[in-house]
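Structure, as C-alpha cells:
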Amino acid sequence: MPCLRRPDTAGASSRSVVVGAVATRRHLVDVEGSSHTKPQLPTGRGVMLHPFNVGERSWRLRFYPNGDTADFADFISVSVEYRPQYGLHNLRTSAEEVDVRVTLSLLDHVGEPVLSQTKTTALLA
Numbered sequence: 117m118p119c120l121r122r123p124d125t126a127g128a129s130s131r132s133v134v135v136g137a138v139a140t141r142r143h144l145v146d147v148e149g150s151s152h153t154k155p156q157l158p159t160g161r162g163v164m165l166h167p168f169n170v171g172e173r174s175w176r177l178r179f180y181p182n183g184d185t186a187d188f189a190d191f192i193s194v195s196v197e198y199r200p201q202y203g204l205h206n207l208r209t210s211a212e213e214v215d216v217r218v219t220l221s222l223l224d225h226v227g228e229p230v231l232s233q234t235k236t237t238a239l240l241a
C-alpha cells in the first residue's frame with residue numbers, strides 16, 4: 117500500500133513523496149506421492165491448501181492433480197483464492213484495489229524453478 121513520507125525539504129518550499137509498497141512472498145508446496153493422489157482425486161476435485169498471508173491479505177491455493185475441468189484432465193491445475201474475510205486488510209471495508217501478480221513454477225531436484233514450467237499471471241483483488 118502506498119505511504120506518504122515527509123522528505124528532506126532543504127531548498128524547496130514544500131514537497132511530498134509517495135512510495136509504493138510491494139509485498140512479495142514465496143509459498144512452497146511439496147507434492148509427495150503424486151502417483152497416489154491422482155487416483156484419489158478425479159478431474160475437478162482438488163485439495164485446499166493451508167492459507168498464507170501476503171501484503172496483509174489472506175490467500176489460499178487449491179491443487180487439482182487431474183486438472184480442474186475435463187479440458188485440463190491431463191494437466192495439474194492450481195487456483196489462487198483471495199480470502200478478504202481473513203486478511204489483516206479487509207477489502208470489503210475499503211475501495212482500494214490491489215494489482216496482484218502470481219508466478220507458479222515447478223522446481224527441479226535442487227529447488228530451482230524450471231523456466232519452461234513457470235507461468236506468471238495477473239489478478240485483481
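The numbering of the sequence shown is this note's numbering, which starts it at 117 and goes up by one. Using N, Cα and C, we set each Cβ at its ideal position, and we do this for glycine too.
task: Determine the direct distance from the alpha carbon of arginine 217 to that of alanine 238, and round the result to whole angstroms.
output: 4 angstroms
- request: Using beta-carbon positions only, say whether valine 196 and phenylalanine 179 come within less than 8 angstroms of one another.
  value: no
query: Smallest Cα separation from asparagine 182: which of His152, Pro200 and Thr236?
result: His152
- request: May I ask you to report which of helix, strand or coil DSSP gives proline 229?
  value: Residue state, collapsed to three classes: strand.
query: Using CA coordinates, which residue listed in Ser150, Asp190, Pro167 and Leu222 is at the minimum distance from arginine 199?
result: Pro167
- prompt: For valine 230 versus leucine 223, is the C-beta distance shorter than 8 angstroms?
  reply: Inclusion of valine 230 and leucine 223 in the CB contact set at 8 angstroms is warranted, their separation being smaller than that value.
field: Residue span of the beta strand (DSSP E) that contains threonine 105, given as start and end
entry: The structure shown does not extend to residue 105, since the chain is modelled only from 117 to 241, so the question has no answer here.
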